[in-house]
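Structure record follows, encoded as structure tokens.
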């Protein structure tokens with residue numbers, strides 16, 4: 280079955296540094312990979328989507344890379360701020376396999392220290 | 018637009034009771050889905066729908082029923098609640114990627130926290 284792993288349960292970094300979060304997947308080649316942010320007690324909020332034919336995507340201080348050979352996506356937050364503290368989830372779709380499902384990793388909890 | 022609205026926000030049930038979690042969206046999304054989120058388990062798909070009258074099972078469908086009679090609403094029914102169904106439930110919707118609009122970005126509700134005693 281499809282499996283998604285995100286690096287470490289928690290990541291602490293100093294304000295101003297770049298946070299790098301990892302998403303690894305097995306047994307599938309998704310057409311899209313998505314990243315979401317979730318704050319405590321709230322629903323996830325979409326951040327970025329990257330397609331299988333895209334190597335990199337940027338949005339303001341966020342950057343996502345997608346390596347379909349390694350089956351890995353990296354999510355970077357540059358010049359991190361305490362307000363970036365949240366749990367970040369990666370998700371991939373299974374539509375290419377004929378099922379309209381999205382599956383999520385367990386998330387990485389990021390804490391940016393002032 | 019209100020987006021995705023879930024009710025109730027909190028609910029306590031006794032084992033064996035039934036209830037319905039409501040989900041409504043006002044974005045004319047074809048795709049709607051229900052997830053449960055448990056510590057250390059991430060979001061797990063329960064059921065999903067690609068349009069009115071069409072539903073299918075996700076990873077953890079046992080103990081739950083759904084129906085989709087309108088585009089806007091996608092209720093989740095717990096038939097006979099069990100303590101293992103204690104969780105936070107999220108409804109999410111999106112434009113279908115196989116259509117002309119959107120790329121499957123999911124819009125989530127704020128969640129319904131359910132405790133089964």
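Chains as they are written, first to last, in our numbering: chain A, 280 to 393; chain B, 18 to 134.
By construction, the Cβ of each residue, glycine as well, lies at the ideal position given by its N, Cα and C atoms.
These numbers come from a predicted model, not from an experiment.
So for residue 289/A, helix, strand or coil by DSSP? strand
For a test of the three-state rule: what should DSSP assign to residue 363/A, helix, strand or coil? helix
By the three-class DSSP mapping on this structure, what secondary structure does residue 308/A have? coil
Separation of residue 309/A from residue 302/A, as counted between CA atoms: 13 Å
Taking the beta strand (DSSP E) that residue 55/B falls in, what are its first and last residues? 48-55
Using a threshold of 8 Å, state whether the C-beta atoms of residue 299/A and residue 353/A are closer than that. yes
I'd like the list of long-range same chain contacts for residue 357/A, defined as Cβ closer than 6 Å, with 5 residues on each side in sequence excluded. So the list reads 297, 340, once near-sequence residues are dropped.
Alpha carbon to alpha carbon, how far is residue 52/B from residue 107/B? Between the alpha carbons of residue 52/B and residue 107/B lies a distance of about 5 Å.
Please check if any C-beta of chain A sits within less than 8 Å of the C-beta of residue 70/B. So, not an interface residue.
Selection from 58/B, 68/B, 124/B that minimises the alpha carbon distance to residue 316/A: When each option's Cα is compared against that of residue 316/A, the closest is 124/B.
Compare the C-beta of residue 44/B with all C-beta atoms of chain A and state if any pair is closer than 8 Å. no
For residue 369/A, which of 384/A, 361/A, 338/A, 350/A has the nearest alpha-carbon? 384/A
Would you say residue 387/A and residue 290/A are within 8 Å of each other, going by their C-beta atoms? Yes, they are a contact pair.
Neighbouring residues, chain B, relative to residue 313/A (Cβ below 8 Å): 121, 122, 123, listed in chain order.
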